[in-house]
Structure formats: structure tokens, C-alpha cells
Amino acid sequence: MLKRLAILGACVALSGCGDMIASPQSAPAGSEGTTRPQSRPAALTTSDRRPPATARTAEAFDTSTAAEKEAAAAGGDEAAAARALGTTIVSLGDPARPGFWIETPQVSTAGPGRVVFPDTGRSAQVELLPVDRSGSRLSLAAMRLLGLPLTGLTEVQVFVEG
């Protein structure tokens, strides 16, 4: 009986957490002049292939093609023109959202960038997406390309290109 009450109490306590995370907070009064993150430009759209409803594994959720993985892993001349934004701790982003991207508070506008895993030197070209909350989230495809643990928190370096 006590075990059931403890589980019920935990469920009730956590039931409001989803609303805090999922619902945007209203802007404080007088904040009309503040800069808010903009949506990503159409030129930087990622693959629109969604994983199947039956997806249960990382392989099934990762819908990126071999060509997309090769392009994301390519260094190219852009790497020399990249500007370091610093390091951030990443966790897995929405696994159902395709493409190579990072949501990070390190940028205020969407654009091209690169993420480097300093332990191995592996890097991935990604779309930098601004968020107005702390913490960075990296796409499943990018995490797999970099060889990052999907269930852990990992430090990466972030660069903006251009």
C-alpha cells in the first residue's frame, strides 16, 4: 500500500512538469524591444523524412541518408571560416525530428554551424537553432555521426560558419 502511495505521489508531482517544459512562457511586461529567436530560414531546411510510427531503435529513428551523413561529416573550406562560440553540454534532442541540428542558447538566429566532439576530433555540420532556455539539444543523426552516447550528457564545441 505504501509503495502504491509513493508511486501515486511521484506521478502527481511530475504531472505538472510537462506543462512547464512544453508551454512557452509569456514575455514580461515591457519586453517588446527584446530580441527573440527567429524561425530557421527556408534555405536551411532539413530532411522532411519522419521516422515510422513503429520506430523503436536509434537506427529506425535516424532517417538521414548516407549522402547526408557524408555531407555533414565533410570539413570543406567552411571549417576555416568558422568562428568558435564555445563549449556546451548536449543531450539528445527530439529523435523524431530529422536532420543535423543543434538547439542552443549560444545563438540568437538560425544558421549554418559545426559541432566538434573534442575527445575524438569528429565533427558534423549542423543547423544552429536558437532557444531561449538553458541547455543544448543535438539531433539524433548528429549524435550518431559524432559517436556520442545517446543517453548521456556530453561536452561539445560549437562553431558558427560564415
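Residue numbers (the working numbering): 1279 to 1440.
Note that beta-carbon positions come from the ideal geometry of N, C-alpha and C, so glycine has one too.
Answer yes or no: do residue i and residue j have a C-beta to C-beta separation smaller than 9 angstroms?
i	j	result
LEU1418	GLY1371	yes
GLN1441	VAL1404	Absent from the model: residue 1441. The displayed extent of the chain is 1279 to 1440, so no value can be given.
ARG1400	LEU1423	yes
SER1386	GLY1430	no
GLU1439	THR1365	no
ALA1374	ALA1333	yes
With a threshold of 16 other CB atoms inside 10 Å of the CB of residue i, please say whether the residue is buried or exposed.
i	result
GLY1377	buried
ILE1367	exposed
TRP1379	buried
SER1342	buried
ARG1415	buried
GLY1308	Residue placement at GLY1308 is poorly supported in this model, since its pLDDT is 46, which falls under 50; the coordinates are not used for a value here.
Does DSSP put residue i in a helix, a strand or coil?
i	result
ARG1415	strand
LEU1428	coil
ARG1375	coil
GLU1381	strand
GLU1405	strand
In the DSSP output, what is residue i paired with across the bridge?
i	result
GLU1433	ILE1367
LEU1423	Looking at the DSSP assignment, LEU1423 forms no beta bridge with any residue, so it has no partner.
PHE1395	ARG1400
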